[in-house]
Structures are given as C-alpha cells and as structure tokens.
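Asks:
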Amino acid sequence: MSRLDLARTLSYNPILFTRSLKNCVIPCYTFLRSVVLSDFKVVNIWKRHSWIFGAILSKNVIPNIGLLRELGLPQSSITLLVTYHAEIVMRKPESFSELVGEVEQLGFDPQKSSFVHAMHALYGKKTTWRRNEEAYRRWGWSDNDILSAFRLCPLCMIKSEKKIMETMDFLVNKMGWKLGKLAKFPYVFLYSLEKRIIPRCSVVRVLLLKGLMKEDKLSLATIITTSEKYFLNMFVTRYLDRVPQLSNVYQGKAKYSLIL
628 MSRLDLARTL
638 SYNPILFTRS
648 LKNCVIPCYT
658 FLRSVVLSDF
668 KVVNIWKRHS
678 WIFGAILSKN
688 VIPNIGLLRE
698 LGLPQSSITL
708 LVTYHAEIVM
718 RKPESFSELV
728 GEVEQLGFDP
738 QKSSFVHAMH
748 ALYGKKTTWR
758 RNEEAYRRWG
768 WSDNDILSAF
778 RLCPLCMIKS
788 EKKIMETMDF
798 LVNKMGWKLG
808 KLAKFPYVFL
818 YSLEKRIIPR
828 CSVVRVLLLK
838 GLMKEDKLSL
848 ATIITTSEKY
858 FLNMFVTRYL
868 DRVPQLSNVY
878 QGKAKYSLIL
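Following the numbering used here, the numbering of the sequence shown begins with 628 at its first residue and continues without gaps.
Right, dumping it as structure tokens:
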C-alpha cells in the first residue's frame with residue numbers, strides 16, 4: 628500500500644485509528660485476504676471501503692459470504708462482490724438473504740458473474756432502479772422489455788439517466804434503430820457513446836444509406852462488441868474504395884449526413 632493511499636484513506640476515515648490493530652484491523656485483513664486471494668485486491672477494498680476494516684465481520688460479512696458459498700457462487704464471483712461492492716456484504720444477514728432470494732427468483736444462475744451484477748443493481752433499487760425504469764419507459768419500453776433487458780444485462784439498470792437518454796436519442800432518433808433491437812441488446816448502454824457507439828454506428832449508417840449493406844443482415848452486437856481491428860476490417864477498410872471519406876466519419880472528422 629502506498630503512503631499516499633494510506634494517508635488519503637486515514638484522513639477521510641480517521642476512526643480507523645481508534646480500532647485495535649491486533650483485534651480488529653489485522654483479523655479483518657486476514658479474512659479479506661482469504662476471500663479475495665490477493666493483497667492487491669485487499670488494497671482496492673481499503674481504498675474503496677476502508678470502513679470495513681473497523682467492522683466486526685462476524686456479525687454480517689462472514690455469515691453473508693457463507694450463504695453465497697452454500698449457494699455455489701464460484702470464488703471469482705465472491706471476489707468480485709467483496710472487492711467492488713463491499714457495502715452489499717455488510718448488510719444485515721436478514722436483509723442480505725432477501726436480496727439474494729430476489730436475485731434467485733429472477734432466474735439468475737449463481738454460477739455466473741451476472742448474479743453479482745444483479746445483486747449490485749437491485750441493491751439500489753429504491754433510487755437508481757426506479758429512475759432508470761422510468762427513463763426506459765419514456766422511450767416506450769414495456770415492463771417486460773425492462774425485465775428482459777435486466778436479465779440479459781443487469782448493469783443496464785445502474786447507468787445514469789443521462790447516459791440512457793443520450794444513447795436512446797442517438798440510436799433511435801438519429802440512427803433509426805428500432806426499440807425492440809435495443810431491448811434485446813441492453814449491453815449497448817455499457818459502452819461509451821462518444822468513443823464507440825457514435826463512430827461505429829455512423830459508419831454503418833453511411834453503408835446502409837449507400838446500399839452497401841442491408842439492415843436485416845446487421846447485428847447491433849456485432850457492430851458494438853467486436854474488436855476495433857475487426858470492425859475496421861469489416862466496415863471501414865473494405866469499403867474505402869467506394870466511400871473514401873469513411874475513415875473521416877469513423878474518426879469524427881466528417882458527419883455521415885454530409886457525404887451522402
């Protein structure tokens with residue numbers, strides 16, 4: 628742990644100075660190290676959730692992790708939850724058990740990391756969830772669309788309202804994508820609008836309007852999730868002889884509407 632990290636954390640959470648090193652801090656470190664299996668990850672927990680080092684883990688954390696192990700969550704998922712969402716495992720066992728039960732009822736597989744992502748999304752259900760639910764509804768998504776999208780990609784329910792609205796506006800109003808396609812591929816909301824979605828979709832829009840591609844042959848997943856090398860080869864380089872400005876569209880130096 629760097630001196631800077633140590634100083635920054637203790638200055639924001641000086642109550643740690645009042646905790647016993649022998650009876651609290653060291654046992655907490657030892658337990659967390661056994662759970663996340665890495666000193667590097669323990670340092671991440673220190674920087675993100677330092678208050679856990681002053682807690683009595685036997686009250687909440689240890690029984691909650693025990694429940695996850697009984698359910699069959701793999702070590703990688705438990706490490707993910709504890710490292711990045713320690714506030715969830717700090718919940719009282721009764722409340723934690725209710726959250727886990729809700730995720731199970733929605734059909735998430737404990738063997739997959741999406742189980743942890745669903746826990747994260749539902750943890751803030753009273754605030755972030757409801758706000759985003761209303762945002763999706765304003766774009767015409769039904770309750771079934773929202774639930775289906777959540778099951779496919781739980782993290783789509785924790786993005787900011789601004790992110791959702793701007794992504795929807797670009798894909799639906801400017802690019803002409805149908806809402807049904809977006810509901811079937813909610814992963815799109817995890818990607819940067821400026822760095823990935825706009826450049827790639829603008830290129831594809833040019834190809835569609837010039838008749839060089841057919842929309843029914845395209846998958847939003849293929850456009851958004853493929854590596855940059857693959858995208859350039861499939862959607863830019865191979866068409867440069869017919870659309871020389873395609874590189875400029877991809878780089879944001881030319882708007883697709885100006886070259887049609």
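Glycine included, each C-beta is placed from N, C-alpha and C at the ideal position.
Predicted, not measured: the structure shown is a model, and the values here were computed from it.
Using only the alpha-carbon positions, how far apart do residue 767 and residue 806 sit?
Replies: The alpha-carbon atoms of residue 767 and residue 806 are separated by roughly 8 angstroms.
Asks: Compute the Euclidean distance between the alpha carbons of residue 745 and residue 685, then round it to the nearest angstrom.
Replies: About 25 angstroms.
Asks: What residue range is occupied by the uninterrupted alpha helix (DSSP H) comprising residue 616?
Replies: The requested residue 616 does not occur in the structure, where the chain is confined to residues 628 to 887.
Asks: Between residue 683 and residue 695, is the Cβ-Cβ spacing less than 9 angstroms?
Replies: Against a cut-off of 9 angstroms, the Cβ pair of residue 695 and residue 683 comes out as no contact.
Asks: Check each candidate in 735, 820 and 692 and name the one with the smallest Cα separation from residue 658.
Replies: It is 692.
Asks: Measuring alpha carbon to alpha carbon, tell me which of 726, 852 and 830 ends up nearest residue 942.
Replies: In the structure as shown, the chain begins at 628 and stops at 887. Residue 942 is therefore absent and cannot be evaluated.
Asks: Could you give the first and the last residue of the continuous alpha helix (DSSP H) run that contains residue 631?
Replies: 630–639 is the extent of the alpha helix (DSSP H) around residue 631.
Asks: Buried or exposed: which applies to residue 813, given that a residue is buried once 16 or more other Cβ atoms fall within 10 Å of its Cβ?
Replies: The residue is buried, with at least 16 neighbouring Cβ atoms inside 10 Å.
Asks: Where residue 749 and residue 867 are concerned, what is the direct C-alpha to C-alpha distance, given to the nearest angstrom?
Replies: Approximately 46 angstroms, taken between the alpha carbons.
Asks: Please report the straight-line C-alpha distance between residue 885 and residue 799, rounded to a whole angstrom.
Replies: Low local confidence applies: a pLDDT of 49 at residue 885 is under 50, so the model's placement there is unreliable, and no value is given.
Asks: For residue 604, does the count of other Cβ atoms within 10 angstroms reach 16, so buried, or fall short, so exposed?
Replies: The chain is shown from 628 up to 887; residue 604 falls before or after that span and cannot be answered.
Asks: Near residue 734, which residues of its chain fall below 8 angstroms by C-beta distance, leaving aside the five closest residues on each side in sequence?
Replies: Contacts found: 778.
Asks: Within 10 Å of its beta-carbon, does residue 757 have 16 or more other beta-carbons around it, so buried, or fewer, so exposed?
Replies: By the neighbour-count rule (16 or more Cβ atoms within 10 Å), residue 757 is not buried but exposed.
Asks: Considering only the beta carbon of each residue, do residue 644 and residue 633 sit closer than 9 angstroms?
Replies: No, the Cβ-Cβ distance between residue 644 and residue 633 is not below 9 angstroms.
Asks: Using the Cβ count rule (16 or more neighbours within 10 Å means buried), how would you classify residue 653?
Replies: So residue 653 counts as exposed.
Asks: Mind checking residue 629: buried by the 16 CB within 10 Å criterion, or exposed?
Replies: Looking at its Cβ environment, which holds fewer than 16 other Cβ atoms inside 10 Å, residue 629 is exposed.
Asks: In chain order, what residues of the same chain have a beta carbon less than 8 angstroms from the beta carbon of residue 820, not counting five sequence neighbours either side?
Replies: So the qualifying residues of the chain are 790, 793, 794 and 797.
Asks: From which residue to which residue does the alpha helix (DSSP H) around residue 744 run?
Replies: 741–750 is the span of the alpha helix (DSSP H), which, as asked, contains residue 744.
Asks: Measure the Cβ-Cβ separation of residue 775 and residue 811 and say whether it is below 9 angstroms.
Replies: In this structure, residue 811 lies closer than 9 angstroms to residue 775 by Cβ.
Asks: Could you have a look at residue 814 and say whether DSSP puts it in helix, strand or coil?
Replies: Looking at residue 814 - three-state DSSP - the assignment turns out to be helix.
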